[in-house]
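Colleague: In the working numbering, the protein residues as written are -15 to 341.
Just so it is clear, CB atoms sit at the ideal spot from N, CA and C, and this is done for glycine as well.
This is the structure I want to talk about, given as structure tokens.
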Ligand code: CP
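Put into structure tokens, the structure is as follows:
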């Protein structure tokens, strides 16, 4: 059964095809009105969301389908101790496809191993957010007219900002891409993204703490919120929360054709005055998310007609190597066996959260 857990589950050609479908939906929405008639999507959101959940729901409704689900863990039986695996088995009885957001890294992956319908990762802790990347790719394509040959600045919380991890993985497969990583040292990009993606594919990148120094060189600036909900130490959050604020003065340092992206929600890292700058693309980006989620639902439902097509990988598994990441799903689901696999950088990593074991 084909699911979308990591953006790397899809090839570049498949991502290009999704972008093409989304552009066709934008041009010819009426063609798609009945495509999902009698199909049901479940949105299982164990964490808050505005854009992802509601754009998934709007996407399914615009395809002629229906939606069930919940928007907080407290209104599901997870609050009584039901496991992710059992939740996925139960929802497979009711719907044709499900989108899951969860605070635990690897939770949608666990669901995909237990569901008999496609599972979409709608954000798992600070790990991955592949459908935000779909929105980002369509936005870059529409704003810049290309996905190759550009310098992308990623600014803010690169440690917990799951959208950044998925975007780096996707854009690293394009040619002529360079990254500028702009963050305080405490919020630097995790080791697994640097090793598995940037180093492995020899992608040029620079590390800096200065947004002002980076700005003149960028084609895309991807701002992120400092992710308060992922911090264990409130004092550290308070010290770092105002690290970067993009304002109209700083925008004067940027190229005329640069575009500004942000997965949203923002707190104060982009001042409201920047919204009027034509280079500010973040509200268009949120709309693009709906079109890409429509394209994704269509693709996964089509592939579900042939459930044998993409079996979950079971090769190379190493059991009982203990994952110590306190945010991994394997720390709370008692029946989950700690399991690892040698990743592309030659390091043994937890199959749920990708941390070294
Ligand atoms: N970008 C994003 O994931 O927004 P929400 O948290 O509102 O879904």
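If you measure from the beta carbon of residue 182 to each beta carbon in chain D, is any gap under 8 Å?
Modeller: Absent here is chain D; the protein component of the structure consists of one chain.
Colleague: Can you round the beta-carbon distance between residue 8 and residue 48 to whole angstroms, since I take them to be within the 8 Å contact cut?
Modeller: Actually they are not in contact, since the Cβ atoms of residue 8 and residue 48 sit about 16 Å apart, beyond 8 Å.
Colleague: Would the beta-carbon of residue 352 fall within 8 Å of that of residue 67?
Modeller: Nothing can be reported for residue 352: it is not among the residues displayed for the chain, which extend from -15 to 341.
Colleague: Put residue 333 into one of helix, strand or coil per three-state DSSP.
Modeller: Reduced to three states, the DSSP call for residue 333 is strand.
Colleague: Please name the residue, chosen from 176, 291, 289 and 233, that lies closest to residue 329 on a Cα-to-Cα basis.
Modeller: Answer by Cα proximity: 176.
Colleague: Please look up how many angstroms separate the CB atoms of residue 106 and residue 88, rounded, as I've assumed it's under 8 Å.
Modeller: In fact, because the Cβ distance is near 13 Å, the residues do not count as touching under 8 Å.
Colleague: With distances taken between CB atoms, is the gap from residue 114 to residue -12 smaller than 8 Å?
Modeller: Yes, they are a contact pair.
Colleague: Give a single yes or no on whether residue 247 has its beta carbon closer than 7 Å to a heavy atom of the ligand CP.
Modeller: Residue 247: yes, Cβ under 7 Å from the ligand CP.
Colleague: So is residue 300 buried or exposed if we call it buried at 16+ other beta carbons inside 10 Å?
Modeller: It is exposed - the Cβ of residue 300 has fewer than 16 other Cβ atoms within 10 Å.
Colleague: With DSSP collapsed to three states, give me the class of residue 107.
Modeller: Residue state, collapsed to three classes: strand.
Colleague: If we count the other Cβ atoms within 10 Å of its Cβ and call it buried at 16 or more, is residue 120 buried or exposed?
Modeller: By the neighbour-count rule (16 or more Cβ atoms within 10 Å), residue 120 is buried.
Colleague: Under 7 Å: does the beta carbon of residue 116 sit that close to some heavy atom of the ligand CP?
Modeller: Result yes, Cβ under 7 Å from the ligand CP.
Colleague: Compare the beta carbon distance of residue 147 and residue 203 with 8 Å and say whether it is the shorter of the two.
Modeller: Contact flag unset, no.
Colleague: Please report how far the alpha carbon of residue 302 lies from the alpha carbon of residue 262, in whole angstroms.
Modeller: Rounded to the nearest angstrom, the two C-alpha atoms are 51 Å apart.
Colleague: Less than 7 Å between C-beta atoms, sequence neighbours within five positions excluded: which residues of the same chain meet that for residue 289?
Modeller: Nothing meets the Cβ criterion.
Colleague: Express the C-alpha separation of residue 122 and residue 31 in angstroms, rounding to a whole number.
Modeller: So the two alpha carbons sit approximately 25 Å from each other.
Colleague: Output the distance between the C-alpha atoms of residue 34 and residue 179, rounded to the nearest integer angstrom.
Modeller: One C-alpha to the other measures close to 32 Å.
Colleague: Could you check if residue 33 belongs to the surroundings of the ligand CP, using beta carbon to heavy atom distance under 7 Å?
Modeller: Yes, the beta carbon of residue 33 sits closer than 7 Å to at least one heavy atom of the ligand CP.
Colleague: What is the DSSP secondary structure of residue 50, reduced to helix, strand or coil?
Modeller: Correct three-state label for residue 50: strand.
Colleague: On a Cα-Cα basis, can you pick out the residue from 250, 336, -6 and 235 that is closest to residue 153?
Modeller: Nearest C-alpha to residue 153: -6.
Colleague: Can you pull the DSSP bridge partners for residue 83?
Modeller: DSSP, once it has assigned bridges, lists 27 and 104 as partnering residue 83.
Colleague: Along the beta strand (DSSP E) that carries residue 324, what are the first and last residues, could you check?
Modeller: Here the beta strand (DSSP E) through residue 324 covers 323 to 326.
Colleague: Pop quiz: residue 195 and residue 234 are said to be a contact at Cβ under 8 Å. What is the actual Cβ separation, rounded to whole angstroms?
Modeller: Residue 195 to residue 234, Cβ: 7 Å. Contact.
Colleague: Between the stretch 228 to 247 and the stretch 124 to 132, do at least 3 Cβ pairs fall closer than 8 Å?
Modeller: Enough Cβ pairs lie closer than 8 Å, so yes.
Colleague: May I ask which residues mark the beginning and end of the alpha helix (DSSP H) holding residue 284?
Modeller: Looking at the DSSP string, the run of the alpha helix (DSSP H) that includes residue 284 is 266 to 287.
Colleague: So what does residue 303 bridge to, in DSSP terms?
Modeller: 323.
Colleague: When you measure from the CB of residue 27 to every non-hydrogen atom of the ligand CP, does any distance come out below 7 Å?
Modeller: Because no heavy atom of the ligand CP lies under 7 Å away, the Cβ of residue 27 does not count as near it: no.
Colleague: Run the CB neighbour count on residue 306, radius 10 Å, all protein chains shown included, and call it buried at 16 or more, exposed below.
Modeller: Residue 306 is exposed by the Cβ-count criterion.
Colleague: Excluding the 5 residues flanking residue -4 on each side, which residues of the same chain have their C-beta closer than 6 Å to its C-beta?
Modeller: 157, listed in sequence order.
Colleague: I want to check one thing, is the minimum distance from the CB of residue 36 to the heavy atoms of the ligand CP below 7 Å?
Modeller: Checking the Cβ of residue 36 against the ligand CP gives yes.
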